[in-house]
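Chemist: Numbering (our numbering), first residue to last: 7 to 350.
For each residue, glycine too, the CB sits at the ideal point set by N, CA and C.
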Ligand SMILES: [Zn+2]
Ligand SMILES: [Zn+2]
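1. Hey, would you say residue 313 sits closer than 8 angstroms to residue 178, going by beta carbons?
2. Does DSSP put residue 163 in a helix, a strand or coil?
3. Spatial neighbours of residue 171 within its chain, please: CB distance less than 7 angstroms, with the 5 preceding and 5 following residues excluded, ordered by chain position.
4. Tell me the DSSP bridge mates of residue 54?
5. Between the beta-carbon of residue 51 and the beta-carbon of residue 145, is there less than 8 angstroms?
6. Ligand 2 and residue 107: does any heavy atom of the ligand fall closer than 7 angstroms to the residue's C-beta?
7. Expressed to the nearest angstrom, what Euclidean distance is found between the alpha-carbon atoms of residue 114 and residue 102?
8. Within the present structure, is the beta-carbon of residue 112 separated from the nearest heavy atom of ligand 2 by less than 7 angstroms?
9. Are there three or more Cβ pairs, one per stretch, closer than 8 angstroms when the segment 109-125 is compared with the segment 284-297?
10. If you draw a straight line from the C-alpha of residue 132 to the C-alpha of residue 60, how long is it?
11. With distance defined between alpha-carbon atoms, name the residue in 68, 234, 344 nearest to residue 55.
12. Consider the C-beta atom of residue 163 and the heavy atoms of ligand 2; say whether any pair is separated by less than 7 angstroms.
13. Who are residue 343's beta bridge partners in DSSP?
14. Across the segment 93-107 and the segment 300-319, are there enough close Cβ pairs to call them in contact, namely three or more that are closer than 8 angstroms?
15. Hey, how far is the Cα of residue 63 from the Cα of residue 119?
16. How far does the beta strand (DSSP E) with residue 16 in it extend, from its first residue to its last?
17. Residues in its own chain within less than 6 angstroms of residue 209 by CB, not counting five upstream and five downstream?
18. Less than 8 angstroms between CB atoms is the rule here; does residue 159 satisfy it with respect to chain B?
19. Counting only runs that start and end within the segment 50-99, where is the alpha helix (DSSP H) found for 4 or more residues in a row?
20. In or out: residue 25 buried (at least 16 other Cβ within 10 Å) or exposed?
21. Secondary structure at residue 226, three-state DSSP: helix, strand or coil?
22. Exposed or buried, residue 168, counting other C-beta atoms within 10 Å across all chains shown (16 or more means buried)?
23. Buried or exposed, going by whether 16 or more other CB atoms sit within 10 Å of the CB of residue 221?
24. Going by C-alpha to C-alpha distance, which of 36, 139, 252, 49 sits closest to residue 349?
25. Using 8 angstroms as the threshold, is the C-beta distance between residue 73 and residue 83 below it?
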């Protein structure tokens, strides 16, 4: 079947020229998909904290210049040879899971999420901070009709990570589930936890976010600056799960004593500092600590469908592609409420 080439002329791209370099807005030729790939006309791309891995070269082997972005929503505008299941004009996105090798031991067991050679858009290949991007079909996520591009984009990393971590946490409806941190991840985690039927405790620093946390679905708000949050959780019976979203190992360590019997600290806020825990803390009550990373394209589709069904939406601030540097700085400041999204 002949492919449709609707894109002409150069496109605008926000690229990082070298490790630690500032964003550059440049023109490039529009890329063409090869076998097993499609080209997406990007409509929106979320700015995730993990984009700092590309900006500052914190991931091994990044080739520069590199276009960051792994929260991509758009329209397929060309399909490569051999691609039958995706059509030109179809809405599609790409998240953190940008492709797998299908041959490593994890892939051979069907555990694509933990592929040893996982490809990540914006790291392994150019991501969504551009008008057009090329992606392999195994990374593609169908976007439901009622979700806008700017709402869908952040759900493909921040959304899927909180949704997937919670649904695999073992918590059952009615269980006490705490969400630590009310930010880019946490504001989605509170909403999903509420819609899953958990008894949701939001843990933040200061009293300013209490009203918002309750609006998002928390039954209880704990101000960890004013009270001992672990003790507060024990007074409520102990948490079955604590979803740790704020990137503070110290704050996570301080919460472990808030876990109830068989409770689990589910870690998704990424830092390089150690979490401190004693064996006694884990042995008492058979507590566990687990990390979780995003999920596959199929998991992303589950996330989007659940968001469509339940009304979970990210809170966003949008910037045009030309202001990618400003948008990135806004995200890094920690003051954005809550996800920053580039529009093309
Ligand atoms: Zn991300
Ligand atoms: Zn693999």
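Modeler: Let me lay it out:
1. Contact: no.
2. In this structure, residue 163 counts as helix in the three-state DSSP scheme.
3. Result list for residue 171: 249, 272, 274, 298, in chain order.
4. Residue pairing by DSSP places residue 54 opposite no residue, since no beta bridge is assigned to it.
5. No.
6. At least one heavy atom of ligand 2 falls within 7 angstroms of the beta-carbon of residue 107.
7. Between residue 114 and residue 102, the C-alpha separation is close to 20 angstroms.
8. In this structure, residue 112 has its CB closer than 7 angstroms to one or more heavy atoms of ligand 2.
9. In this structure the segment 109-125 does not touch the segment 284-297; the number of beta carbon pairs closer than 8 angstroms is below three.
10. Cα to Cα, residue 132 sits roughly 10 angstroms from residue 60.
11. Comparing Cα-Cα distances from residue 55 to each of 68, 234, 344, the minimum goes to 344.
12. Of the heavy atoms belonging to ligand 2, none sits nearer than 7 angstroms to the Cβ of residue 163.
13. Under DSSP, residue 343 takes part in no beta bridge, so it has no partner.
14. Under the Cβ criterion (8 angstroms, minimum of three pairs), the segment 93-107 counts as touching the segment 300-319.
15. Whole-angstrom Cα-Cα distance: 23 angstroms.
16. Residues 16-21.
17. If the five residues before and after residue 209 are omitted, its C-beta is found closer than 6 angstroms to the C-beta atoms of 184, 186, 228, 230, 235, all from its own chain and listed in chain order.
18. The displayed structure is made up of one protein chain only, and chain B is not part of it.
19. Runs of the alpha helix (DSSP H) lying entirely within the segment 50-99, each at least 4 residues long, are 58-61 in chain order.
20. Per the 10 Å Cβ criterion, exposed.
21. In the three-state DSSP reduction, residue 226 falls in the strand class (E or B).
22. Of the other Cβ atoms in all chains shown, 16 or more fall within 10 Å of the Cβ of residue 168; this residue is therefore buried.
23. Classification of residue 221: exposed, given that the 10 Å Cβ count is below 16.
24. Looking from the CA of residue 349, the closest CA among 36, 139, 252, 49 belongs to 49.
25. Contact: no.
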